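J.: Structure provided below as structure tokens; questions to follow.
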DNA sequence: GATATTTTGGACTGGTTGGTCCAGAATGGA
DNA sequence: TCCATTCTGGACCAACCAGTCCAAAATATC
């Protein structure tokens, strides 16, 4: 009943996600967002209601895509030590490349909007928890397989690895060389030995 | 020669620093900034020229104060392993407390403005380098004294510790319990063993 | 006390912000 | 074919943005 939508909602969210990723939330004003999503103001507000909700959808989408593939090894149901290492390798690769200059959408937004928007904070904290839990499960498997040292709990190591991840994201903003990022990841991963 | 200034410039910068720290750069609009600094628009532009320059001055001030005292042990000329540990203890203390909810001004701004403002990026990268160098020197002393393991170069460990620092800053945005932050710091500091 | 110099308050600017509104176009179901 | 329903383009809004400008006030120097 009624006129059919002329755009694909998921596709529009995907484009919004990329813009927020590149520019941040405040630095992506509505006109830019509309141009990027190829939507009229009316269609935008008709479909999403407000800008904040698009960010929420964008974050959801971002996690679905496993942070542009970086986290895919980690979310492998069989993930262990090798997948943790591969995840960090991809993270460094991504961060050192052109797209990586923008860092991680979740960590960026956490810094930018979490302080003033408690709803966004919860959403972003949940996304981070998802990654942390991925690390924890991988550590559990690694410890069971004997490839990861048992002198720290999986949760402690998982927290620590997520923390290293976030740190790398901040570091990437200063445009360090790939060698620097590799060095940080290498030292951090020694916790697994 | 002419009328004397009615405000103290350093004091005004100090107030601006606290506002940027609490709210971020974009989220601290000029009217708020003027109210906080207790300055008229004219006095503000007469003294500083533009908003960006106040951020630069604020960052300088922030580093002078050693990140509200957190970094003071690290910048001790005799700093070694004990001072590194004390710095992290203070960082966790600060982050878990009320003021710490705002995180680190430098890391916050790095995430927010570095991507679009190359001048700010250099300034913030320099501030981070200052902290990294502090860690490096402390590690050098610790290794010389035999209190820090020698299987990694001081630079590698310094980079890693700064990275952990940045990660803790991001983590703090999600309002984790103190125990979580302590756990992350504890695991990270094992690199010194 | 006169004057040159600086600071100050506040009005003003052009541009941008997120969000609303409505008339008209399109389309599904009957 | 008609109508109810939905979507769309674009005008419109008040609020806000960083930054400019100028006349008036204040004060150091002479």
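Chains as they are written, first to last, in the working numbering: chain H, 2 to 194; chain Y, 2 to 194. Just so you know, even glycine gets a beta-carbon here, dropped at the ideal spot from N, CA and C. Owing to the predicted nature of the structure, the values given are computational and were not obtained by experimental measurement.
Near residue 141 of chain Y, what residues of its chain come up, given a Cβ to Cβ distance below 6 Å and the 5 sequence neighbours on each side ignored?
T.: Taken in chain order, the residues that qualify are 155.
J.: Give the single residue among Y/34, Y/48, Y/9 and Y/86 whose Cα lies nearest to the Cα of residue 194 of chain Y.
T.: Checked all of Y/34, Y/48, Y/9 and Y/86; the closest Cα to residue 194 of chain Y is Y/86.
J.: Since residue 169 of chain Y contacts residue 164 of chain H with CB under 8 Å, what's their CB separation in whole angstroms?
T.: That belief holds up - the Cβ atoms of residue 169 of chain Y and residue 164 of chain H are roughly 7 Å apart, short of 8 Å.
J.: Checking contacts by CB at 9 Å: is residue 171 of chain Y closer than that to chain H?
T.: For residue 171 of chain Y, the answer is yes, since a Cβ of chain H falls inside 9 Å of its Cβ.
J.: Could you tell me how far apart the beta carbons of residue 68 of chain Y and residue 174 of chain H are, in whole angstroms, since I believe they sit closer than 8 Å?
T.: Rounded, the Cβ-Cβ distance is 18 Å, inconsistent with contact.
J.: Please classify residue 11 of chain H: is it buried, with 16 or more other beta-carbons within 10 angstroms of its beta-carbon, or exposed?
T.: With fewer than 16 other Cβ atoms within 10 Å, it is exposed.
J.: Tell me, to the nearest whole angstrom, how far the beta carbon of residue 88 of chain H is from that of residue 75 of chain H; I am working on the premise that it is less than 8 Å.
T.: Correct: roughly 5 Å between the Cβ atoms.
J.: From H/158, H/181 and H/14, pick the residue whose C-alpha is nearest to that of residue 183 of chain Y; which is it?
T.: Minimum Cα distance to residue 183 of chain Y is reached at H/158.
J.: Might you give, ordered along the chain, the residues of its own chain that have their beta carbon closer than 8 Å to the beta carbon of residue 62 of chain H, omitting 5 neighbours on each side?
T.: 11, 14, 15 and 18.
J.: In whole angstroms, what is the alpha-carbon distance linking residue 188 of chain Y and residue 58 of chain H?
T.: The alpha-carbon atoms of residue 188 of chain Y and residue 58 of chain H are separated by roughly 34 Å.
J.: So within the segment 97–122 of chain Y, which uninterrupted alpha helix (DSSP H) runs reach at least 4 residues, ignoring any that extend past its ends?
T.: Whole alpha helix (DSSP H) segments, 4+ residues: 106–114.
J.: Does the beta carbon of residue 64 of chain H sit closer than 9 Å to a beta carbon anywhere in chain Y?
T.: No - not a single Cβ of chain Y is within 9 Å of the one on residue 64 of chain H.
J.: Between the alpha carbons of residue 4 of chain Y and residue 44 of chain Y, how many angstroms are there, rounded?
T.: Distance between the alpha carbons of residue 4 of chain Y and residue 44 of chain Y: 12 Å.
J.: By the 10 Å Cβ neighbour count, where 16 or more other Cβ atoms means buried, how is residue 113 of chain Y classified, buried or exposed?
T.: It is buried - the Cβ of residue 113 of chain Y has at least 16 other Cβ atoms within 10 Å.
J.: Where residue 51 of chain H and residue 42 of chain H are concerned, what is the direct C-alpha to C-alpha distance, given to the nearest angstrom?
T.: Rounded to whole angstroms, residue 51 of chain H to residue 42 of chain H spans 11 Å at the Cα level.
J.: CA-CA distance, residue 26 of chain Y and residue 152 of chain H?
T.: If you take the alpha carbons of residue 26 of chain Y and residue 152 of chain H, they lie about 42 Å apart.
J.: Taking the C-alpha atoms as reference points, what is the distance between residue 167 of chain Y and residue 129 of chain Y?
T.: In a straight line, the C-alpha of residue 167 of chain Y is about 9 Å away from that of residue 129 of chain Y.
J.: Please confirm whether residue 69 of chain H has its beta-carbon closer than 9 Å to some beta-carbon of chain Y.
T.: No, no contact with chain Y.
J.: Run through DSSP, which three-state label would residue 170 of chain H get?
T.: It is helical.
J.: On the DSSP letters alone, give me the boundaries of the alpha helix (DSSP H) that residue 9 of chain Y sits inside.
T.: Where residue 9 of chain Y is concerned, there is no enclosing alpha helix (DSSP H), given that its DSSP letter is neither H nor E.
J.: Listing by chain order, which chain Y residues have their CB less than 9 Å from the CB of residue 103 of chain H?
T.: 116, listed in chain order.
J.: Short of 6 Å in beta carbon distance, which residues of its chain neighbour residue 126 of chain Y, apart from the five on each side in sequence? Order them along the chain.
T.: If we look at residue 126 of chain Y and ignore the five residues flanking it on each side, it has no Cβ neighbours.
J.: Going by CA-CA distance only, name the one from H/38, H/80, H/30 and H/33 that's closest to residue 135 of chain H.
T.: Of H/38, H/80, H/30 and H/33, the residue nearest in Cα terms is H/80.
J.: Determine the direct distance from the alpha carbon of residue 118 of chain Y to that of residue 106 of chain Y, and round the result to whole angstroms.
T.: In a straight line, the C-alpha of residue 106 of chain Y is about 16 Å away from that of residue 118 of chain Y.
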